[in-house]
Every structure is written in structure tokens, then in C-alpha cells.
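In terms of our numbering, the sequence shown is residues 14 to 537.
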Amino acid sequence: MAPVPPGIRLLVSFDRDQWYRALTFILTFLLYTSFHLSRKPISIVKSELHKNCSSVSELAMNPSSSQQPILHTDTDCSWKPFDKSNYKQLLGAMDYSFLCAYAVGMYLSGIIGERLPIRLYLTVGMVTSGLFTCLFGLGYVYNIHNLSFYIFVQVANGLVQTTGWPSVVTCIGNWFGKGRRGLIMGLWNSHTSVGNILGSLIAGYWVSSNWGLSFIVPGLIIAAMGVVCFLFLIEHPNDLKSIYAQNASPGKSVKAKRNGVNGHTEMYLQYKDNKPQSYDTELLLPRETLRVPVQPVVVVKNESEPSPISFMGALRIPGVIEFSLSLLFAKLVSYTFLFWLPLYITKAAHLDAKRAGDLSTLFDVGGIVGGILAGVISDKWGKRASTCAVMLLLAAPTLYVFSMISEFGLGPTIAMLLVCGGLVNGPYALITTAVSADLGTHKSLKGNARALSTVTAIIDGTGSVGAALGPLLAGLLSAGGWDQVFYMLMTADFFALLLLLRLVWKELSSTKSRPISAVELKEH
14 MAPVPPGIRL LVSFDRDQWY RALTFILTFL LYTSFHLSRK PISIVKSELH KNCSSVSELA
74 MNPSSSQQPI LHTDTDCSWK PFDKSNYKQL LGAMDYSFLC AYAVGMYLSG IIGERLPIRL
134 YLTVGMVTSG LFTCLFGLGY VYNIHNLSFY IFVQVANGLV QTTGWPSVVT CIGNWFGKGR
194 RGLIMGLWNS HTSVGNILGS LIAGYWVSSN WGLSFIVPGL IIAAMGVVCF LFLIEHPNDL
254 KSIYAQNASP GKSVKAKRNG VNGHTEMYLQ YKDNKPQSYD TELLLPRETL RVPVQPVVVV
314 KNESEPSPIS FMGALRIPGV IEFSLSLLFA KLVSYTFLFW LPLYITKAAH LDAKRAGDLS
374 TLFDVGGIVG GILAGVISDK WGKRASTCAV MLLLAAPTLY VFSMISEFGL GPTIAMLLVC
434 GGLVNGPYAL ITTAVSADLG THKSLKGNAR ALSTVTAIID GTGSVGAALG PLLAGLLSAG
494 GWDQVFYMLM TADFFALLLL LRLVWKELSS TKSRPISAVE LKEH
């Protein structure tokens with residue numbers, strides 16, 4: 014057998030890195046799943062806070078009914094103060110309280126997150142979010158009917174939940190490189206829909222008998238995941254102080270130095286003759302290497318760490334303003350569905366709260382498929398803005414069809430829920446993940462990898478303004494009929510498309526198709 018060449022013989026095995034990348038992918042997926050899981054119950058419980066009292070009266074008059082009796086029933090079956098004719102406005106105000114606090118807090122969260130350890134910052138946010146989510150459910154247990162109590166809980170929860178998104182995006186960006194970013198981020202971003210589905214199922218299980226548990230159980234879950242985050246989250250590959258690989262001969266050492274670009278670790282093999290050879294490794298796809306013994310890897314941090322980017326500096330990155338404003342309208346549509354779809358199905362299809370909640374999960378199933386397709390198409394096509402524009406263009410007429418479809422039975426409604434979920438959530442998912450990561454590593458940053466958290470917070474924070482406005486406007490407009498709500502959603506889709514036209518024109522005018530992540534936004 015021929016001897017192994019010295020240069021090959023000393024290659025470092027990166028199998029351990031692959032396991033840590035897989036752990037980071039799964040862990041951050043589960044962490045943000047718990048965030049959305051804890052946000053969903055309010056949309057399921059709305060139909061219980063104010064419901065059709067005639068059905069409850071019939072149940073009370075029928076003692077032979079096998080349905081479990083509902084607690085806290087007085088002369089009025091609805092939960093005060095949501096028992097009045099302006100209940101939609103009050104429910105919309107609760108949504109607005111959460112989302113407005115979330116939008117304001119998001120701008121600060123990214124800046125704070127760059128200056129604090131992500132693991133601790135995220136842990137505190139998740140535990141306190143669990144506390145406030147449980148507190149909302151305790152309003153049922155202690156029979157609280159004060160609107161100010163529920164508004165306060167929503168505002169506080171909205172603020173602490175802003176710790177989540179910048180933290181997990183920064184963490185996943187540290188571990189994964191730019192190749193096939195759209196696909197990877199599309200798969201990873203399905204945590205949003207998975208969390209919505211699980212939240213709907215958990216909240217729906219208790220909504221008719223004890224809606225307090227619809228909040229308490231998700232609150233306990235996100236708090237428990239905060240503890241898991243504290244115990245297991247690794248923020249960056251360089252946080253691993255030593256990696257045990259194998260080395261063939263003594264006298265040689267391996268050093269790792271963090272590159273300025275997110276997702277890369279530069280490995281140096283130091284020889285006795287002081288001629289190092291480096292390997293710039295993409296932290297995305299596994300590479301087959303020869304396993305040979307080496308000494309423990311010593312992590313050497315760059316002595317001159319880049320300073321965090323300013324708010325105005327992040328806004329000057331090409332594309333940040335356009336994508337942020339487009340996300341404002343795209344997220345307006347998505348969050349209106351998130352907070353109002355179960356109630357709409359209850360009224361339009363004449364279903365109870367549990368069945369309406371279960372049916373609304375189909376919208377999130379469509380969102381998973383849409384997010385993945387948007388990532389794959391944008392990777393292949395190399396045009397993020399154009400991919401979003403096509404989906405937004407198709408979404409507007411689809412929303413109109415959906416508003417008319419409830420008259421034709423359950424089958425067409427199910428089909429349209431899937432289609433609408435894909436077209437509405439596809440652009441939203443792409444902008445908040447792959448596009449944010451692309452812009453956070455733009456060449457104008459000159460290798461400043463610490464900018465990713467701020468850029469992500471600006472984009473998602475602007476989108477969250479739309480997320481706050483959408484449910485509020487839905488509560489106001491639905492008093493005049495649901496058609497007005499759908500017209501508002503179609504108009505928002507049009508504006509989201511309009512704001513991307515300059516970037517679409519720039520992409521289509523390029524001499525040849527090039528992936529944004531690999532060329533236009535690549536670090537040099």
C-alpha cells in the first residue's frame with residue numbers, strides 16, 4: 014500500500030463540526046418553534062372569548078348532552094369584557110398591543126443582541142416569555158375580566174419575544190455558509206409554520222373546556238426550551254475551545270482562526286518548517302476527508318474584532334430599505350391570517366373553535382411548502398427579489414378566490430388554504446431568512462460579521478410594524494364585513510410587490526443569472 018502524502022495525511026477531519034452544525038440546526042429550529050407555538054393560542058381562543066351564545070343556551074337546556082360543561086358561564090356566555098358588540102375591536106387591540114410592542118422592541122433587540130452573549134440573551138427572553146404566556150392563561154383561572162390586565166401581558170410578552178429572531182438567525186448564520194442558503198433557510202424557517210400548527214393543536218385541545226390551559230401549556234413549553242437553550246446552544250464554531258481530531262505524527266499542531274465572513278473557519282496546519290497550509294471550509298455541506306490522528310485544535314480569536322454596525326450604517330446597505338418595506342406589507346398579510354383565520358373560519362364555515370383551529374393549520378402546512386419552494390427557486394434562479402415578486406403577484410388573485418370559496422364547501426376551502434399559505438408565507442419566509450442573511454454579509458460590510466443581528470432586526474422589525482397593523486385593521490374592517498378585510502390584504506400584497514420592482518429590474522437587467530448569495534452579496 015502506497016504511503017499517504019504528507020499534505021493529505023494531516024488533513025483535519027470535520028466530522029465533529031458536522032454534528033455540531035446538525036445540533037445547531039435542530040436546536041434553533043425547536044427554539045423558534047416554541048416562540049410561535051406560544052403566540053398562536055390567542056387566535057384559537059378568540060372564538061371562545063366571544064362566541065355564539067345561542068348554542069350554549071341550547072346546550073344548557075339539553076341536560077342529556079354528553080359535551081363537557083363549560084366553566085364560568087353566567088347569563089352571558091362570552092368572557093367579559095369581550096361580550097359586547099365591539100368585541101372585534103377589543104380583540105384587535107390585544108393583537109395590536111403584542112405586535113406593536115414586538116415591532117418597537119425588535120429595532121432595539123438586534124443592537125442589544127450584538128453586545129450580549131446570544132445564549133444568555135435568548136434564554137432570558139424565552140423564560141420570561143413563558144412567564145407572561147402563562148400569566149394570560151391565569152386570567153381564566155382567577156376569573157380576571159379587566160382588559161388592562163390582558164393588554165399589559167400582551168405588551169410585556171411582545172417585548173421579550175423580540176429576543177428570539179435576531180438571536181437564532183445570527184446563530185444559524187454563524188454555523189452555515191452561503192452555498193444553497195435559500196434551501197437551507199427555507200427548510201429551517203418552516204419552524205414558523207410548525208410552531209403555528211402545534212400551537213393550534215395544543216390550544217384547541219383545551220379551548221372549549223378550560224382556555225386558560227391553552228396558554229399555560231405553551232408557556233411552560235417555551236420556558237422549558239429556554240432552559241434547553243442555556244444548556245446546549247453553541248453560538249459560534251469558535252466557542253468550541255478544543256476539537257479532538259487525530260494527527261499522524263508529533264510536532265505538528267492545528268490552529269483555527271475565525272474568518273470575518275459568517276460561516277467560515279480557516280484551519281491552519283503548522284509544519285516544523287513554518288510553512289502553514291490553510292483550508293477555508295464551508296460550514297454547510299460535509300466534506301469527505303481522511304481521518305488521521307492530530308493534536309487538539311487550539312482556537313485563536315482574531316485580535317481585532319469588528320465593532321457592531323450602527324443603525325444608519327445598516328440602512329445604507331443596498332437592498333435593506335426595499336426588502337424591509339416590502340416585508341412590512343407581506344407580514345401584514347401573514348399575521349392577519351395568523352391572528353384572525355380561525356375566527357374567520359368559525360364565522361364563514363359555521364364551525365366550532367376546535368374544528369376551525371384544526372382547519373387553519375392547513376394554511377401553515379401550505380406555508381412550509383411555500384417557504385421551501387421560495388428558497389429552492391431563488392437558489393436556482395439566483396434572484397431573491399424576483400422570486401418574491403412572482404409569488405406576491407400570484408397571491409393577490411388567490412386571496413380574492415379564497416374570500417369567495419367558503420360558499421362551495423369544505424373541499425375547495427381546504428385546497429385554497431394550502432395554496433394561500435404557500436403564496437402568502439413564501440415571500441415572508443424568504444425575506445426574513447435568506448435575504449436577511451445575504452444582506453447581513455454584504456460586501457460593503459468588509460467582513461464585519463457582527464452586523465447580521467442588526468440587519469435582521471431592522472428587516473424583521475419593519476415587517477413587524479405591518480404585523481401590528483394587519484390584525485388591528487382586520488378587527489376594525491371586519492365589523493363592516495369580511496370582504497373589506499380581504500380587499501385590505503390584496504392591497505397590501507400589491508404594495509409589497511411594488512416596493513420590490515426596482516430590485517427586480519436590477520436583477521433582470523444583469524448580464525447573466527448569478528446567485529445573490531454567491532456573487533452579488535458575497536464577501537470579497
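Positions of the beta carbon are idealized from the N, C-alpha and C atoms, including for glycine.
- request: Excluding the 5 residues preceding and the 5 following G370 in the sequence, name in chain order all residues of the same chain whose CB lies nearer than 6 Å to its CB.
  value: Taking the sequence shown and counting its residues from 1, one reaches residue 370 at position 357. Here the set comprises I57, S213, G217 and P355.
Check your understanding: At which residues does the alpha helix (DSSP H) containing Q167 begin and terminate?
Key -> For this step, residue 167 is matched to residue 154 along the sequence shown. If you look at Q167, you'll find it in the alpha helix (DSSP H) that goes L160 to V173.
Residues near A505 in its chain [Cβ-Cβ closer than 6 Å; skip 5 each side]
Within the sequence shown, the letter at position 492 stands for residue 505. Excluding residues within five positions, the ones whose Cβ falls inside 6 Å are F342, L345 and V346.
What whole-angstrom Cβ distance do G150 and S466 have, given they're in contact under 8 Å?
-> By 1-based counting over the sequence shown, the position of residue 150 is 137. By 1-based counting over the sequence shown, the position of residue 466 is 453. At roughly 31 Å, the Cβ-Cβ gap does not stay under 8 Å, so G150 and S466 are not in contact.
For the structure I just gave you, are there three or more beta carbon pairs, one from the segment 233-250 and one from the segment 161-171, closer than 8 Å? Taking 8 Å as the limit for Cβ pairs, the verdict is that the segment 161-171 does not touch the segment 233-250.
| query | Between I234 and G143, what straight-line distance do the alpha-carbon atoms span, to the nearest angstrom? | reply | In the sequence shown, the residue the question calls residue 234 occupies position 221. In the sequence shown, the residue the question calls residue 143 occupies position 130. Take the alpha-carbon of I234 and the one of G143: they are about 7 Å apart.
Cβ neighbours of G105 in the same chain (closer than 7 Å, five flanking residues each side left out)
Stepping through the sequence shown from its first residue, residue 105 is reached at position 92. The beta carbon of G105 lies closer than 7 Å to those of P484, L485, A487, G488 and L489 in the same chain, with the five residues before and after it left out.
### Task
State the start and end residues of the unbroken alpha helix (DSSP H) segment that holds Y120.
What you label residue 120 is simply residue 107 of the sequence shown in a count that begins at 1. In this chain, the alpha helix (DSSP H) harbouring Y120 covers Y100 to G126.
On the CB-based measure, 16 or more other CB atoms within 10 Å of its CB, does M325 come out buried or exposed? For the purposes of this step, residue 325 is identified with residue 312 of the sequence shown, where counting begins at 1. By the 16-neighbour rule on beta-carbons within 10 angstroms, M325 is exposed.
Starting from P179, follow the alpha helix (DSSP H) in both directions and report where the run begins and ends.
Taking the sequence shown and counting its residues from 1, one reaches residue 179 at position 166. Here the alpha helix (DSSP H) through P179 covers G177 to W188.
Quiz item: Does the beta-carbon distance from I385 to S221 come in below 8 Å?
Solution: Counted from its first residue, the sequence shown places residue 385 at position 372. Counted from its first residue, the sequence shown places residue 221 at position 208. Against a cut-off of 8 Å, the Cβ pair of S221 and I385 comes out as no contact.
- With 16 other Cβ atoms within 10 Å as the buried cut-off, status of D286: Residue numbering aside, residue 286 sits at position 273 when the sequence shown is read from its first letter. Confidence at D286 is low in this model, with a pLDDT of 44, below 50, so its placement is unreliable and no value can be given for it.
Does V437 come out as helix, strand or coil in the three-state DSSP assignment?
In the sequence shown, residue 437 corresponds to position 424, counting from 1. Note: V437 maps to helix in three-state DSSP.
Checklist entry - Among the residues of its own chain, which have a CB less than 8 Å from the CB of G123, if the five just before and after it don't count? => result Sequence index remark: in the sequence shown, residue 123 carries index 110 (1-based). Taken in chain order, the residues that qualify are P179, S466, T467, V468, T469, A470, I471 and G474.
Out of curiosity, what's the CA-to-CA distance linking G476 and V117? Against the sequence shown, residue 476 aligns to sequence position 463. Against the sequence shown, residue 117 aligns to sequence position 104. Spanning the two alpha carbons is a distance of roughly 11 Å.
- Message: By the three-class DSSP mapping on this structure, what secondary structure does Y155 have?
- Response: Your numbering for residue 155 matches position 142 in the sequence shown. Under the three-state reduction of DSSP, Y155 is assigned to coil, being neither helix nor strand.
Just to confirm the assignment, what range does the alpha helix (DSSP H) spanning L340 have? The residue given as residue 340 occupies position 327 in the sequence shown. Counted as a single uninterrupted DSSP element, the alpha helix (DSSP H) harbouring L340 occupies residues V333 to A362.
- Message: Can you find the residues in the same chain that come closer than 8 Å, C-beta to C-beta, to E61, ignoring five residues on each side of it along the sequence?
- Response: Position 48 of the sequence shown, counted from the first residue, corresponds to residue 61. If we look at E61 and ignore the five residues flanking it on each side, its Cβ neighbours are W92, V220, S221, W224 and A366.
Inset, instruction - Can you have a look at S255 and say buried or exposed, based on whether 16 or more other CB atoms are within 10 angstroms of its CB? - result: On the sequence shown, position 242 is the one that residue 255 refers to. Low confidence applies to S255: its pLDDT is 46, below 50, so where it sits in the model is not reliable, and the reading given next is rough at best. So S255 counts as exposed.
When the Cα atoms are used, what is the spatial distance from V389 to T446?
For the purposes of this step, residue 389 is taken as residue 376 along the sequence shown, with counting starting at 1. For the purposes of this step, residue 446 is taken as residue 433 along the sequence shown, with counting starting at 1. Distance between the alpha carbons of V389 and T446 is about 13 Å.
* Going by other Cβ atoms of all chains shown within 10 Å of its Cβ, with 16 needed for buried, is M417 buried or exposed? -> Reading the sequence shown from its first residue, position 404 is the one you call residue 417. Answer is exposed; the Cβ neighbour count stays below 16.
Checklist entry - Who are the Cβ neighbours of T175 in its own chain at under 7 Å, not counting the five residues just before and after it? => result Counted from its first residue, the sequence shown places residue 175 at position 162. Closer than 7 Å at Cβ, skipping near neighbours: Y115, G118, M119 and S122.
ask   = Would you say the beta carbon of W518 comes nearer than 7 Å to a heavy atom of the ligand HEM?
value = With respect to the ligand HEM, the structure offers nothing, as it holds no ligand at all.
- Find the nearest neighbour of P538 within the set E248, A398, R52 and F48, judged by alpha-carbon distance. Missing from the structure shown is residue 538; the chain here goes from 14 to 537 and no further.
> Who are the Cβ neighbours of P54 in its own chain at under 7 Å, not counting the five residues just before and after it?
Replying inline: Mapped onto the sequence shown, residue 54 falls at position 41. These residues qualify, in order along the chain: G212, A216, S227, F228 and P231.
Next item on the list: Pull up the distance between the alpha-carbon of E10 and that of F421, whole angstroms please.
Entry: Residue 10 lies beyond the residue range present for the chain, which begins at 14 and ends at 537; the question has no answer from this structure.
| request: Can you tell me the Cβ-Cβ gap for G379 and M404, rounded? I've got them flagged as a contact below 8 Å. | output: For this step, residue 379 is matched to residue 366 along the sequence shown. For this step, residue 404 is matched to residue 391 along the sequence shown. Actually they do not touch by this definition, with Cβ atoms about 12 Å apart.
Quick one, which of C433, F145 and L133 has its alpha-carbon nearest Y413's? Residue mapping note: residue 413 aligns to position 400 of the sequence shown, counting from 1. Taking each of C433, F145 and L133 in turn and checking the Cα distance to Y413, the smallest one comes out for C433.
Tell me whether D496 is buried or exposed, calling it buried when 16 or more other Cβ atoms sit within 10 Å of its Cβ. Residue 496 sits at position 483 when you count from the first residue of the sequence shown. The residue in question, D496, is exposed, as its Cβ has fewer than 16 Cβ neighbours within 10 Å.
Short of 7 Å in beta carbon distance, which residues of its chain neighbour L436, apart from the five on each side in sequence? Order them along the chain. For the purposes of this step, residue 436 is identified with residue 423 of the sequence shown, where counting begins at 1. Excluding the 5 residues flanking it on each side, L436 has same chain C-beta neighbours closer than 7 Å at G383, M404, L407, A408 and T411, in chain order.
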